[in-house]
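Here the structure is laid out as structure tokens; the discussion comes afterwards.
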Amino acid sequence: MSKACAPGTAALNGEQPLPNVAAALAAGRTLRILSIGAAPGRIGRHGGTYTAQIEAMLHAALKVTRIEIVNRGVSGELAAAAAVRMRNEVALEEPDLVLWQVGTNDALAYVSAEDFAQTVRDQVAWLKAHKVDVVLVGLQFAPQMLRDAHYVKLRDTLRAVAAEEHVIVVRFFEAVEILNRGDDAAMPAADEFERSEAGYNCLSQYVARAITLGVFARHLPHRPPTPPTAAPKPQ
Amino acid sequence: MTRAPNAVDFWRGFALITIFIDHIPGLVYASYTLANFSIADAADLFVFLAGWSLRLMAEGRGEKRPIRDVMLRLFGRALELYAAQVLITMLAIAVLAVSATELDNPLLLQWHNAAAVFSDPVPTHIGLVLLTHQLGYFDILPLYVVLMLMAPFFALIDRVAPALLVPVSLAIYVCVLAFRLTLPTWPVAGTWFFNPLAWQTVFVLGFACADPGRGIGAFARRNIKWLRIVGVPIVIAGLLIHLFDLWPDPTKVPNPKLFFIADKTFDTPMRLIQFLSLVAVFSFAWPYIRKAAGAPVWGRGVEALIGFLAMLGRNSLYVFCIGSLLSLSAQVVRLYYRGSVGSDTAVVLIGIVIMAFTAWLAESRQRGRPAPASPAPRSSSR
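Written out as structure tokens, the structure is:
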């Protein structure tokens, strides 16, 4: 974890086991990851996609040589549509882990929190039933969205569903929010692109960290989920 | 002078409005489009009718055009589509940039695959020009460009060995499904949302069905009653699958799985067969719709609707382009007004009015010119 990204780890949730990833590694199989959602459309100014960065970090952290990340992100897609498509992709790609960035498009399209929660809950249950681990990647951060009650509600809904289903959620919004608070003091001149790119670079690290902890958390006793914090009041 | 309303233009107008609505995620009216009641959706209809229109381009009216003229004409059309795609992509990027600035919301710069355009513009602009980087919901025209580049090949087969047209297309389709062949995206690694190697099948089937004198076009006309009898239960099955979530578990089907699952990217057989059933079943509708235009009470309304949709269909490229930009703009408006029923109604109505104005404007240039070739004689027989 780079020094710049380290403060954001305060916003990441505790370890949840990834038994199917651990089993793949234990069997010496190629670790197959299906990436779906909004983030795969992002590349850094200096090249290197989000998924390529995760792959490189997992190689280093897990000491495995064979990792294959398949990118099937469709930008602008709502969770419900992604869920339908994901089932086909799981059948075709046979991943051990699905990396699902979810929520931002639903929040921007004003999908109700109840519908959103049900979609994520059903999809996580389906993945578990098919012996596929999942890491949810939460909503993207923009300081302006703190004033949007619906956006904040979906952010917290995702966190609540993840806790209820005992799956990892990388709380991207909160992590970048912490990073930006640090930026305000240290780098007031950082523009939105720099902030955003820094956020995505850190996101790769957070995801790689979550997967690594999930692999080694396989023997941990099951922890009760941490209750979600109350949503901040819209300003 | 513009051509009279016909079935192809009417249904193409219907497809254009449906695509406009489908491309506004979260819109309350998007729950009532074809995609909610059928495995196939308006994209299948749009591509099928594009293939149908290819027949007219390839053969013209009366005597057949020389094959060299056909090739040049089709290649010219592909260039026209390509230019349209580049133009609307640039306008869409501008819409996102302006919206992000005016709404003070940097998330909009990352919407719909635009993040790479702003964060890494050098390779991404090359990708935009090569069509290997496509914005979300701006991915149908790239498909159409590739189909039109393939069109001379299919037109040539149709001219020299017409019996091979559909078998060649199906052979490509089977290989694509069996080996999961597709086109990659770049610089963001991925695949095309609409795989042209698979979607060429519905395009070629439209081309073949438009020929009333031979092949499957003649077969379909001779046996349309039987095709409808077979098609009705398939259409109903598609409806039930949607309504009661009866989708087969894709992990449980045999290999090669693409032959047995419903997938839009590869326009898989489940989707294609259901779409062809829809065409067979609803092909009865056009003569009745025309007849209804003569009804004493609501005939005028039906006539106006026919004229309206046919006008959109006659100017499909312009209307499609403006519709794509309107869908994106509507998403921004929904974001601003927080997706209320009122704002949803307003964006749909205003969008349709602007699409109609676009078609009217395009036709105003043609007034006074002689009438172009019409696909009506072929299409109206269905």
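Protein chains in written order, with numbering that gives the first Met the number 0: chain W, 0 to 234; chain D, 0 to 381. Every residue, glycine too, gets a C-beta built ideally from N, C-alpha and C.
Let me check understanding here. Comparing Cα to Cα, which of W:V175, W:A159, W:V134, W:D155 lies closest to W:E14? W:V134
C-beta neighbour in chain D for W:Y205, strict 8 Å: no
If you scan the stretch 75-144 of chain D from start to end, which runs of the alpha helix (DSSP H) of 4 or more residues do you find wholly inside it? 114-118, 120-129
So which residues on chain D does W:R71 lean against when the C-beta distance must stay under 8 Å? G189, T190
What's the gap between the Cα of W:L145 and the Cα of D:A99? 16 Å
Are three or more beta carbon pairs between the stretch 87-106 of chain D and the stretch 147-157 of chain D nearer than 8 Å? no
Determine, for D:Q273, whether the minimum Cβ-Cβ distance to residues of chain W falls below 8 Å. no
Looking at chain W, is there any beta carbon in it that lies within less than 8 Å of the beta carbon of D:I125? no
Contact set between the stretch 148-177 of chain W and chain D, restricted to residues whose Cβ is under 8 Å from the partner: H149
On a CA-only basis, which of W:G27, W:P16, W:A79, W:T29 is nearest W:T118? Give me that one, please. W:A79
Applying a beta-carbon distance threshold of less than 7 Å, which residues of chain W neighbour D:D103? Q143
Beta bridge counterpart(s) of D:T250 as assigned by DSSP: The partner list for D:T250 (beta bridge, DSSP) is empty, contrary to what the question assumes.
Kindly list, in the order they appear in chain D, the residues whose Cβ is closer than 8 Å to that of W:V89. P249, T250
Can the beta-carbon of D:G25 be found closer than 8 Å to that of W:Y109? yes
Interface residues of chain W around D:R337 at Cβ under 9 Å? Y109, D147, H149
Can you find a heavy atom of the ligand MN that lies under 7 Å from the Cβ of W:E176? This structure lacks the ligand MN; in fact it carries no ligand of any kind.
Backbone CA spacing between D:N222 and D:L325 [nearest angstrom]: 41 Å
Does the Cβ-Cβ distance between W:V22 and W:L30 come in under 8 Å? Sequence inspection shows Ala at residue 22 of chain W; the Val mentioned does not correspond to that position. For W:A22 and W:L30, no; Cβs fall outside 8 Å.
With respect to the beta strand (DSSP E) encompassing W:L98, which residues constitute its N-terminal and C-terminal limits? 96-100
C-beta neighbour in chain W for D:G25, strict 8 Å: yes
Examine chain D for any beta-carbon lying closer than 8 Å to the beta-carbon of W:H58, and answer yes or no. no
W:S203 burial status per 10 Å Cβ neighbour count (16 or more: buried): buried
Check whether chain W comes within 8 Å of D:L311, counting only Cβ atoms and requiring the distance to be less than that. no
For W:P16, count neighbouring C-beta atoms within 10 Å of its own C-beta (all shown protein chains included) and say buried if the count is 16 or more, exposed if not. buried
Could you please give the first and the last residue of the uninterrupted alpha helix (DSSP H) stretch that includes W:N104? 103-107
Tell me, please, whether the CB atom of W:T29 is closer than 8 Å to any CB atom in chain D? no
Chain W within 8 Å of D:D262, Cβ atoms only: yes
Under 8 Å, do W:Y205 and W:A174 count as touching if we go by C-beta distance? yes
Beta-carbon separation of D:L277 and D:S37 under 8 Å? yes
Among D:I353, D:L308, D:C320, which residue has its Cα nearest to the Cα of D:N5? D:L308
Hey, W:H158 and W:V168: beta-carbon distance below 8 Å or not? Sequence inspection shows Arg at residue 158 of chain W; the His mentioned does not correspond to that position. Yes, these two residues count as a Cβ contact at 8 Å.
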